[in-house]
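Going letter by letter, the sequence shown gives residues 2 to 181 in the numbering used here.
Here's the structure we're looking at; comments come further down.
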Amino acid sequence: MPLFIYLFFFGLFSASVYASDTTIYKTIDAQGNVHFSDKANENNKPIEIKINNVFAVPNKSEVNTSQHIIEKKSFEKQKTKIIAYQANINYPRNDMALRSNNGELKVQVKISPNMLSTQKLQLYIDGVKVGKAQHTTTITQQSVGRGTHLLQVYLIDKDKQILHKSPVIRMHLLRANVKR
Numbered sequence: 002m003p004l005f006i007y008l009f010f011f012g013l014f015s016a017s018v019y020a021s022d023t024t025i026y027k028t029i030d031a032q033g034n035v036h037f038s039d040k041a042n043e044n045n046k047p048i049e050i051k052i053n054n055v056f057a058v059p060n061k062s063e064v065n066t067s068q069h070i071i072e073k074k075s076f077e078k079q080k081t082k083i084i085a086y087q088a089n090i091n092y093p094r095n096d097m098a099l100r101s102n103n104g105e106l107k108v109q110v111k112i113s114p115n116m117l118s119t120q121k122l123q124l125y126i127d128g129v130k131v132g133k134a135q136h137t138t139t140i141t142q143q144s145v146g147r148g149t150h151l152l153q154v155y156l157i158d159k160d161k162q163i164l165h166k167s168p169v170i171r172m173h174l175l176r177a178n179v180k181r
């Protein structure tokens, strides 16, 4: 059995070497059709085929490592640092009742890590954007109607992209009601 395997692989290897050394002949017939053959005759011409199926792996000393280091450094410069911000409404607390007869609401927000100068906070009451985005962590909103409201704050960047949304809290605004 081992002799058979040896002969099989020897024949396979020999055939591939023979095939790579075979001369190919080209013939053009009377109608202009091109034919290729491995047999010579008086009308065909041999063509040269360069077989480049072997390559050498360069040594480590031949590889331009300085170019690789430059490319790696320029790639590292392009990486941007992604910061995971957290925004939480500290005041009012969830489900808190506030008395404000004039409808003024003050919201205090805790941002971690601290906001950059290009970032702002935008207050949403009942899912609707109210007021302008602000740099401060204390947001005051006037003329808020009495009743239960849902509050949320968005941390946005200079391009108005949302960096983080605070959890939604529920608060109850109490206002005096004068009967006439």
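Heads up, the beta-carbon is just placed ideally off N, CA and C, and yes, glycines get one too.
Keep in mind the model is a prediction, meaning the values are calculated, not measured.
(message) Would L174 and V145 be called neighbours here (beta carbons separated by less than 7 Å)?
(response) To locate residue 174, count along the sequence shown from 1; it is residue 173. To locate residue 145, count along the sequence shown from 1; it is residue 144. Inclusion of L174 and V145 in the CB contact set at 7 Å is warranted, their separation being smaller than that value.
(request) Given a cut-off of 7 Å, decide if L151 and D127 are closer than it, judged by their beta-carbon atoms. (result) In the sequence shown, counting from the first residue as 1, residue 127 sits at position 126. In the sequence shown, counting from the first residue as 1, residue 151 sits at position 150. Result yes, Cβ atoms of D127 and L151 sit closer than 7 Å.
(message) According to DSSP, simplified to helix, strand and coil, what is I112?
(response) Within the sequence shown, residue 112 is the residue found at index 111, counting from 1. Three-state DSSP puts I112 in a strand.
(request) Measure the C-alpha to C-alpha separation of D158 and A88 and round it to an integer number of angstroms. (result) For the purposes of this step, residue 158 is taken as the residue at position 157 of the sequence shown. For the purposes of this step, residue 88 is taken as the residue at position 87 of the sequence shown. So the two alpha carbons sit approximately 14 Å from each other.
(request) Report all residues from its chain with a CB closer than 7 Å to the CB of R100; omit the five preceding and five following residues, and keep chain order. (result) As a working note, residue 100 is residue 99 in the sequence shown. So the list reads L175, once near-sequence residues are dropped.
(request) Quick one: grab the DSSP three-state call for I84. (result) Position 83 of the sequence shown, counted from the first residue, corresponds to residue 84. DSSP, read as helix, strand or coil, puts I84 in coil.
(request) Take K121 and list the residues in its own chain whose beta-carbon comes closer than 7 Å to its own, dropping the five residues that flank it on each side. (result) Position 120 of the sequence shown, counting from 1, holds the residue named residue 121. Excluding residues within five positions, the ones whose Cβ falls inside 7 Å are A134, Q135, H136, I157.
(message) Which residue marks the beginning of the beta strand (DSSP E) containing P47, and which one marks its end?
(response) On the sequence shown, position 46 is the one that residue 47 refers to. For P47, the uninterrupted beta strand (DSSP E) segment begins and ends at 46-48.
(request) With a 10 Å radius around its C-beta and 16 neighbouring C-beta atoms as the bar for buried, classify V35 as buried or exposed. (result) Translated into positions along the sequence shown, residue 35 becomes position 34. Residue environment: V35 is assigned as exposed (fewer than 16 neighbouring CB atoms within 10 Å of its CB, all protein chains considered).
(request) Note down the Cα distance separating N45 from T28, rounded to an integer number of angstroms. (result) Position 44 of the sequence shown, counted from the start, is the residue given in the question as residue 45. Position 27 of the sequence shown, counted from the start, is the residue given in the question as residue 28. If I take the Cα positions, the gap works out to 5 Å.
(request) For S113, I'd like the list of residues in its chain whose CB is within less than 6 Å of its CB, leaving aside the five on either flank, ordered along the chain. (result) Looking up residue 113 in the sequence shown gives position 112. If the five residues before and after S113 are omitted, its C-beta is found closer than 6 Å to the C-beta atoms of Q87, all from its own chain and listed in chain order.
(request) Leaving aside the five residues before and after M97 along the sequence, list all residues of the same chain whose C-beta is less than 6 Å from its C-beta, in chain order. (result) Start at 1 with the first residue of the sequence shown, and residue 97 comes out as number 96. M172.
(request) Could you tell me which residues DSSP pairs with Q142 in its beta bridges? (result) As a working note, residue 142 is residue 141 in the sequence shown. In DSSP, Q142 forms a bridge with L106.
(request) Could you spell out the range, first to last residue, of the beta strand (DSSP E) harbouring R171? (result) Indexing the sequence shown from 1 puts residue 171 at position 170. That run of the beta strand (DSSP E) goes 170-175.
(message) For V169, tell me which candidate among E49, T149, A177 has the shortest Cα-Cα distance.
(response) Reading the sequence shown from its first residue, position 168 is the one you call residue 169. Per the Cα distances, T149.
(request) Note the first and the last residue of the continuous beta strand (DSSP E) segment covering Q153. (result) On the sequence shown, position 152 is the one that residue 153 refers to. Here the beta strand (DSSP E) through Q153 covers 148-157.
(message) Among V129, N103, L117, whose alpha-carbon lies nearest the alpha-carbon of T138?
(response) Counting from one through the sequence shown, the residue named residue 138 turns up at place 137. Residue L117 is the option with its Cα nearest to T138.
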